[in-house]
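Heads up, the thing below is written out as structure tokens.
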Amino acid sequence: MKKVNTITLILFFLLSAYLITIFLPHEDIFSNSPIYTDDYAMHFSQCLSAKRFLSSFGKCWGYDPFFLAGYPRGALVNADNKAWELLFFIFAPLSKGFAFKLYLILFLLLYPFFLYAAARNFNLSRGASLIASVLAILFFYLSMAVDFVSWGMLSYVFMCYFSIYIFSLFYKLFEHFTWKKYITLVFLSSLLLLMHILSPVHLLLPLLILYACYFKRLSVPHHLAMLLMVAIVLLVNSFWLIPISQFFNEKTTRPENYNFTLQSDNIFEPINVYIKQKQSILYRKTPQLNNTFMDVILLLFGICGFYSWWREKRLKLMFPFLGGVLFIFIIAYYGSHTDLFPQLQPKRFTIPMNIFLIIPASAGIFLVFHTLFRGKSMASTFFICSFAFVLLVGPVIKPLKGIYKYKLYRLSCEFPSPIKDLLNWMKNSTTREGRILIEDSEFDTGHQYYEAHLPALFPEYVKREYLCGPRPMYPIKHSYASFTAGVLFEKKIEDYSLEELKHYFKLYNVKWIVCWLKESKNFFNQYPDYIIKKSEIDKFSIYEVNRKPSYFLKGKGLVKSDYNRLKLNQIVTEDDEIIINYHFMKGLKTDPERKLEKVFLGDDPIGFIRILNPPRSLVVYNSY
């Protein structure tokens, strides 16, 4: 039996390896081309910047002057990708493109085994554990988990599958405490938080219930060790948690930054999911995929599994799972009606909820199979299997066939030719004297940059300063200095007068404009003497602003920018001070030392850099 189990696991691994081709063609798996689709372009830029900061400064974040008139990159928004960034940092010397894809490849190879190992740790039989692996695969491809991965939200799904394995290790530790298990768990728990900042949200309550169930069994040293574990996990992750705390007040909490997807405003959404078997949010690739068959199966057989644990008196297993599932259910379906959870896009929590249900559902399915097939003749067994196959054709087999046949989730490793042409134009026809205003686009406006957040990579290929973010609607206050789908500086572009436009272009030193929206083009075309059309590349119109560029708002001089560094030369002060149109950031200092402070101009919510009594030249640097 053990040999059969080993062979089955090997077949699972080979299947997982083959299914990588759903996302990547064979030739792209080991190529040096990164993935550009959707958020992947943004994550690749974050990996590149993290590598640069780690190599040069020994930190995972720093001051980035190339976006949003300067902002703390890697300190807030991409707190869900530190494990990805560190993996990239380790393997990038071999091949940057492959190092970036390696995180995806590891997930696709490992996630079924997380469920198998977890099921075994929860003392499920080998048969039930293999069922857990099958359910892990089916749930991934027949739920929005596969959409998350196709959008680039890989870290969250990776963390969800890994977290159930971590939970099982806690169960094993409390069953029989050993220091070897404890040290392993400290390391892996630190890694889990490194993978995604939301990991404590769905693990905290079930862990607390599990801890309460075993509280009396644990000795005083064991209780102290658990407190120490929390401290160690936080300490290991402090290199990115501390910057988050430093800049947390600069995060935006405006509904337009998060209330555009993955919300569940309908209080009857559970009825849609579990009775009507469809989602209210039509986010799937085809209508056929917008079914919730796996949600229903996991719930029904999960209830069966809970019942079997109740009868077997396995209450220390049942209560943590039941409490965890109910808690996540409330967040997922009713979190949108609170003040806190809408910012976390609560519909995403259906993924960890169903992954938690896989364990009791596996126990339930194994019990049902055992009951159905025990003592049955060959003919009866064949009939039951045939009947089950007929039932599964519509909700399971056809969708899986469509996913594979039509390559619905194939990711692109090819950089679009029109963007290459656009970058070549900017390289040859612009300078670093002024900023390039980029009109960005999200999914609701058709992902105009060829289904990807490619502006995130612009500074990597053409070193200019861009007035945009790594993605549109970047949820930090600095994103005020951006242009998305006809909205410039948080105001519709048609509402600007020419004088207002001149004021803002001076404030942010705008010298060139790239736009794609028809209304934006029509607006800029109204002022041919001030905004001069220079070129058309595919859907993009490129303009040059008829103004003398300068990064000095008060005083005069030259600026040469780089990560964590602004070098100012030929400085001429005005009233013994200068103001430059770079965003202020805590930790910025000057060499030689001068007083550097924040000054608010216009409606910018961050403020700019003012330096008192500067010499003819100085350097502004991030002192950390």
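Using this note's numbering, read the sequence shown as starting at 333 and increasing by one per residue. Don't be surprised by glycine CBs; every beta carbon is placed ideally from N, CA and C.
Cα-Cα separation, A460 to F698: 5 Å
Selection from A401, L658, L474, C636 that minimises the alpha carbon distance to N622: In this structure, L474 is the residue among A401, L658, L474, C636 with its C-alpha nearest to the C-alpha of N622.
Selection from G939, E909, I768 that minimises the alpha carbon distance to R926: Measuring C-alpha to C-alpha distances from R926 to each of G939, E909, I768 identifies E909 as the nearest.
Segments of 4+ residues assigned as alpha helix (DSSP H) that fall wholly inside the region 335-379: 358-361
Alpha carbon of S811 to alpha carbon of A664, nearest angstrom: 28 Å
Short Cβ contact (9 Å threshold) for L486 with L436: yes
Distance CB(P538)-CB(F653) smaller than 9 Å: yes
Start and end residues, beta strand (DSSP E) containing G889: 888-894
Terminal residues of the alpha helix (DSSP H) in which E417 lies: Note, E417: alpha helix (DSSP H), 414-423.
Reduced DSSP secondary structure (H/G/I, E/B, other) of T922: strand
Where K414 falls, given that 16 or more other Cβ within 10 Å makes a residue buried: Result: buried.
Three-state secondary structure (DSSP) of T516: It is helical.
DSSP state of G394 mapped onto helix, strand, coil: strand
Simplified DSSP state of Q902, which is helix, strand or coil: Annotated three-state conformation of Q902 is strand, per DSSP.
Best match in L419, F815, Q609, H528 for proximity to P727 [C-alpha to C-alpha]: Of the candidates L419, F815, Q609, H528, the one whose C-alpha sits nearest the C-alpha of P727 is Q609.
Cβ-Cβ distance between A693 and L630 below 9 Å: For A693 and L630, yes; Cβs fall inside 9 Å.
Length at least 4, wholly inside the region 705-768: the alpha helix (DSSP H) runs in chain order: 710-724, 730-737, 749-761
Contact with chain D by D370, beta-carbon distance below 9 Å: Considering every chain present, this structure includes no chain D. It has just one protein chain.
DSSP-derived helix/strand/coil call for H779: Residue state, collapsed to three classes: coil.
Spatial neighbours of A407 in its chain, beta-carbon cut-off 6 Å, leaving aside the 5 residues before and after: W393, P575, F579
Where T618 sits in the DSSP three-state scheme: coil
Residue span of the beta strand (DSSP E) that contains V952, given as start and end: 950-954
Where P404 falls, given that 16 or more other Cβ within 10 Å makes a residue buried: Classification for P404: buried.
Ranges of the alpha helix (DSSP H) found wholly within the region 449-478, counting only runs of at least 4: Here the runs fully enclosed are 458-473.
The region 891-904 in contact with the region 860-880 per 3-pair CB rule at 8 Å: Flag = no, the region 891-904 and the region 860-880 do not touch.
Boundaries of the beta strand (DSSP E) in which F872 is found, first to last residue: 872-877
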